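Chemist:
Residue numbers (the numbering used here), protein chains in the order written: chain A, 7 to 343; chain B, 7 to 343.
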């Protein structure tokens, strides 16, 4: 491969429903040059997250969509190759929205030096990065668990869900996870210490919630939406708190799909449902990161990485994730550290 | 009519969908005798409320259902005819769940002396009673309006909605009401001072919300659920607060009806949706009542009573209310004061 090549994944056509590999394109460009106030970063580990599906849609959202022909967005951790930005030097490990490309440019607002003493580099975009912080703030600030509460989490073996469940255990809660295979259910119960797990593909979720939550549901951390959520909500206790973190089952729907009207359960239980994005707590990331790192060091929080080797496999991995194929935090290993 | 007659409305058959008059029965019984610790109360004004539909259904709810053959439940204000309870004497005006009957028995936990200096007797079960307190606590504690916010309320000319909108105006909010006739819309705008009104029977609610809420929706006080609510939610601003007070459009559904999955809007706006029952603030009723009474005296809160004369018309009035026929706080005038 010639030296001055930057492979990039771009958006070719806006997906209709589940994205196809042909909606994206892998192209080659020259490696960009950093301008004054910028750094050139070589991508080492790239995070693949379900929310990116929303960025492929043209329409109002909390972030602007990817343009046709534009490089796909996403957070990565990489090595500074060249710095024209004070406070950064070649060799530094930085985290930021490099995008789906082998080399990217970051500026002062987008580059964050990674404290490599906290854990392996890849954890800076996993358990100690956005997924871990999402679990930490969403559970503690929105679900507000009390010892003895029953907390249910969907997509429970995923990058966020697995941390939510372990945090709920640390908080003294009964913790029940919903996942998409017996292997994932075994993992959350046997490896992570959840009190119970439900395989939504083989079990009636409503019946299983009734059985595994004999005292009802006090908190629900929702990553999936749709039918699974509609099966959980009727089991809410008085003053239950539901945190909406993601709605992966609905991300491919341009228009809302139909379901039973569930707000009756919110009324009856005097429950609270709150949507959140982790950016709300940006001024507290260091608190969250240091507490998570301590729990990881103590062995109270375990994490699982689902590593896909090779940048060329990114699109396939992303599509697989939207269908529930990954198991653990999905990472593309773009190049050797 | 013979003297020792107590007319009562009882539940004959559980309604399937919208109740029919034949589901209820008007019977005659002897007037009961109060035991030690009880009072006999003559019903003067009886409140008819949509939530009573839920009490006719056999199933879990926040209150036990009315039994087949049982007297329908509801709050009234009446006059003590005979007291065997300390602190109450014949002639006192009391408020309580007398039920759908001309005479009822109340005990120490169910009888509340009415401060008749605050307003006409009937207001003790209207603007100064449960409907007014529901508006007061739901708006202030759940919607938490700030000056400059845009507040939307459904069933806006109703006993609760009309107070919500006027309180929102007092709080300095832009206030938009949704109601079911041009006459009701004129009333809330021209008489009550709402900034805008929407007739959901003749207008596209989503389009009308966009027009009447140019800065989006910060708070939504929901009395109706269903399609109207589904048209409002996409207009939520960041951190919008929705208070679920009632779901009258869904009360006749034994199973949840289907609608678009709206929790995506809660997620995108990082909104909060909270169900509530006014009983949560029982220890603050006096605060609410005295503030409401002051606003009524000052002319800042107006109220409208929809008085149906004659106890025998109760069932018809209740069924009409579920269909949106009433205009203002629906009261049965059971007997002269």
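For every residue, glycine included, the Cβ atom is placed at its ideal position computed from N, Cα and C.
Just so you know, these numbers come straight off a predicted model, no measurement behind them.
So residue 298 of chain B and residue 132 of chain B are supposed to be a Cβ contact under 8 Å. How far apart are they, rounded?
Modeler: Stepping through the second chain from its first residue, residue 298 of chain B is reached at position 292. Stepping through the second chain from its first residue, residue 132 of chain B is reached at position 126. Going by Cβ atoms, the distance from residue 298 of chain B to residue 132 of chain B rounds to 10 Å, so no, they are not a contact pair.
Chemist: Quick one: is residue 143 of chain B near chain A, going by C-beta distance under 8 Å?
Modeler: Within the second chain, numbered from 1, the residue matching residue 143 of chain B stands at position 137. So, not an interface residue.
Chemist: Short of 9 Å Cβ to Cβ, which residues in the stretch 269-291 of chain A face chain B?
Modeler: 269, 270, 271, 272, 273, 274, 275, 276, 277, 278, 279, 280, 281, 282, 283 and 286
Chemist: Let's see if you can read the secondary structure: which residues bound the alpha helix (DSSP H) around residue 156 of chain A?
Modeler: Walking along the first chain from the start, residue 156 of chain A turns up at place 150. Here residue 156 of chain A belongs to no alpha helix (DSSP H); instead the beta strand (DSSP E) covers 156-160.
Chemist: Check each residue of the stretch 117-140 of chain A: if its Cβ is closer than 7 Å to any Cβ of chain B, include it; give the result in chain order.
Modeler: none
Chemist: Look at the Cβ atom of residue 164 of chain B, then the Cβ atom of residue 258 of chain B, and state whether they are nearer than 8 Å.
Modeler: Here the question's residue 164 of chain B lines up with position 158 in the second chain. Here the question's residue 258 of chain B lines up with position 252 in the second chain. The answer is no: Cβ separation not under 8 Å.
Chemist: Check residue 94 of chain B in the structure and name its three-state DSSP category.
Modeler: Along the second chain, read from residue 1 onward, the residue named residue 94 of chain B stands at position 88. Three-state result, residue 94 of chain B: coil.
Chemist: Do the stretch 90-103 of chain A and the stretch 41-50 of chain A meet, that is, are 3 or more Cβ pairs less than 8 Å apart?
Modeler: yes
Chemist: Considering residue 314 of chain A, what are the terminal residues of the beta strand (DSSP E) in which it resides?
Modeler: Counting from one through the first chain, the residue named residue 314 of chain A turns up at place 308. It spans 311-315 - the beta strand (DSSP E) in which residue 314 of chain A sits, taken as one unbroken run.
Chemist: With 8 Å as the threshold, decide whether the Cβ of residue 250 of chain A is near any Cβ in chain B.
Modeler: Mapped onto the first chain, residue 250 of chain A falls at position 244. Judged by the 8 Å Cβ criterion, residue 250 of chain A is in contact with chain B.
Chemist: Counting C-beta neighbours from all protein chains within 10 Å, is the total for residue 292 of chain B 16 or more, i.e. buried, or is it exposed?
Modeler: Indexing the second chain from 1 puts residue 292 of chain B at position 286. That one is exposed.
Chemist: Identify the residues that DSSP records as bridge partners of residue 51 of chain A: which are they?
Modeler: Counting from 1 along the first chain, the entry for residue 51 of chain A is found at position 45. BP columns for residue 51 of chain A point to A/83 and A/339.
Chemist: On the CB-based measure, 16 or more other CB atoms within 10 Å of its CB, does residue 64 of chain B come out buried or exposed?
Modeler: If you number the second chain from 1, residue 64 of chain B lands on position 58. Result: exposed.
Chemist: State yes or no: is the beta carbon of residue 52 of chain B nearer than 8 Å to at least one beta carbon in chain A?
Modeler: Looking up residue 52 of chain B in the second chain gives position 46. No, because no Cβ of chain A sits closer than 8 Å to the Cβ of residue 52 of chain B.
Chemist: Would the beta-carbon of residue 127 of chain A fall within 8 Å of that of residue 51 of chain A?
Modeler: For this step, residue 127 of chain A is matched to residue 121 along the first chain. For this step, residue 51 of chain A is matched to residue 45 along the first chain. Contact flag set, yes.
Chemist: Ordered along the chain, which non-local residues of its own chain (more than five positions away) have a Cβ less than 7 Å from that of residue 61 of chain B?
Modeler: Here the question's residue 61 of chain B lines up with position 55 in the second chain. Contacts found: 69, 71, 72 and 79.
Chemist: Since residue 222 of chain B meets chain A, which of its residues come closer than 7 Å, beta carbon to beta carbon?
Modeler: To locate residue 222 of chain B, count along the second chain from 1; it is residue 216. In chain order: nothing, as chain A lies at least about 11 Å away.
Chemist: Anyone know if the C-beta pair for residue 148 of chain A and residue 288 of chain A falls short of 8 Å?
Modeler: As a working note, residue 148 of chain A is residue 142 in the first chain. As a working note, residue 288 of chain A is residue 282 in the first chain. No, the Cβ-Cβ distance between residue 148 of chain A and residue 288 of chain A is not below 8 Å.
Chemist: Residues in its own chain within less than 7 Å of residue 279 of chain A by CB, not counting five upstream and five downstream?
Modeler: Start at 1 with the first residue of the first chain, and residue 279 of chain A comes out as number 273. Hits under 7 Å: 248, 250 and 272.
Chemist: If we define contact as Cβ-Cβ less than 8 Å, is residue 95 of chain B a contact residue for chain A?
Modeler: Taking the first residue of the second chain as 1, we reach residue 95 of chain B at position 89. Judged by the 8 Å Cβ criterion, residue 95 of chain B is not in contact with chain A.
Chemist: Considering just the uninterrupted stretch of the beta strand (DSSP E) at residue 242 of chain A, what are its terminal residues?
Modeler: Position 236 of the first chain, counted from the first residue, corresponds to residue 242 of chain A. Counting along the chain, the beta strand (DSSP E) containing residue 242 of chain A begins and ends at 242-250.
Chemist: For residue 334 of chain B, I'd like the list of residues in its chain whose CB is within less than 8 Å of its CB, leaving aside the five on either flank, ordered along the chain.
Modeler: The count along the second chain starts at 1 and reaches residue 334 of chain B at position 328. Contacts found: 163, 164, 165, 168, 309, 310, 311 and 312.
Chemist: Keeping to the same chain, check which residues put their C-beta closer than 7 Å to that of residue 243 of chain B; ignore five residues upstream and five downstream.
Modeler: Taking the first residue of the second chain as position 1, residue 243 of chain B is located at position 237. In its chain, beyond the 5 residues on either side, 222, 223, 224 and 275 have a beta carbon closer than 7 Å to the beta carbon of residue 243 of chain B.
Chemist: Run down chain B in chain order and give the residues with a C-beta less than 8 Å from the C-beta of residue 264 of chain A.
Modeler: Residue mapping note: residue 264 of chain A aligns to position 258 of the first chain, counting from 1. For a Cβ distance threshold of 8 Å, residue set 264, 265, 266 and 267 of chain B lies close to residue 264 of chain A, ordered along the chain.
Chemist: Using beta-carbon positions only, say whether residue 317 of chain A and residue 59 of chain A come within less than 8 Å of one another.
Modeler: By one-based count along the first chain, residue 317 of chain A stands at place 311. By one-based count along the first chain, residue 59 of chain A stands at place 53. No, they are not a contact pair.
Chemist: Looking at C-alpha atoms only, which residue of A/194, A/49, A/234 and A/196 is the closest neighbour of residue 209 of chain A?
Modeler: If you number the first chain from 1, residue 209 of chain A lands on position 203. Per the Cα distances, A/234.
Chemist: Whole angstroms is fine: what's the gap from residue 187 of chain A's alpha carbon to residue 158 of chain A's?
Modeler: Counting from one through the first chain, the residue named residue 187 of chain A turns up at place 181. Counting from one through the first chain, the residue named residue 158 of chain A turns up at place 152. Taking the straight line from one Cα to the other gives about 17 Å.
Chemist: So within the stretch 168-214 of chain B, which uninterrupted beta strand (DSSP E) runs reach at least 3 residues, ignoring any that extend past its ends?
Modeler: Runs found: 180-185 and 202-205.
Chemist: From the DSSP output, which residues share a beta bridge with residue 149 of chain A?
Modeler: Locating residue 149 of chain A in the first chain gives position 143, where the first residue counts as 1. None, per the DSSP bridge assignment.
Chemist: Whole angstroms is fine: what's the gap from residue 94 of chain A's alpha carbon to residue 104 of chain A's?
Modeler: As a first step, residue 94 of chain A is located in the first chain; it is residue number 88 there, counting from the start. As a first step, residue 104 of chain A is located in the first chain; it is residue number 98 there, counting from the start. Straight across, the Cα-Cα distance linking residue 94 of chain A with residue 104 of chain A is about 16 Å.
Chemist: Quick one: grab the DSSP three-state call for residue 260 of chain A.
Modeler: In the first chain, residue 260 of chain A corresponds to position 254, counting from 1. DSSP, reduced to helix, strand and coil, places residue 260 of chain A outside both helices and strands of the structure shown, so it counts as coil.
Chemist: Check for me: the beta strand (DSSP E) holding residue 318 of chain B runs from which residue to which?
Modeler: Residue 318 of chain B sits at position 312 when you count from the first residue of the second chain. Segment: none, residue 318 of chain B is in no beta strand (DSSP E) and carries neither H nor E.
Chemist: How is residue 106 of chain A classed by DSSP in three states: helix, strand or coil?
Modeler: In the first chain, the residue the question calls residue 106 of chain A occupies position 100. It is coil, neither helix nor strand.
Chemist: Please list, in chain order, the residues of the stretch 202-233 of chain B that have any C-beta partner in chain A closer than 9 Å.
Modeler: Residues 228, 231 and 232.
Chemist: So residue 256 of chain A contacts chain B; which residues on that side make the cut at Cβ distance below 8 Å?
Modeler: One-based indexing of the first chain puts residue 256 of chain A at position 250. Ordered by position in chain B, the residues that pass the 8 Å Cβ test against residue 256 of chain A are 267 and 270.
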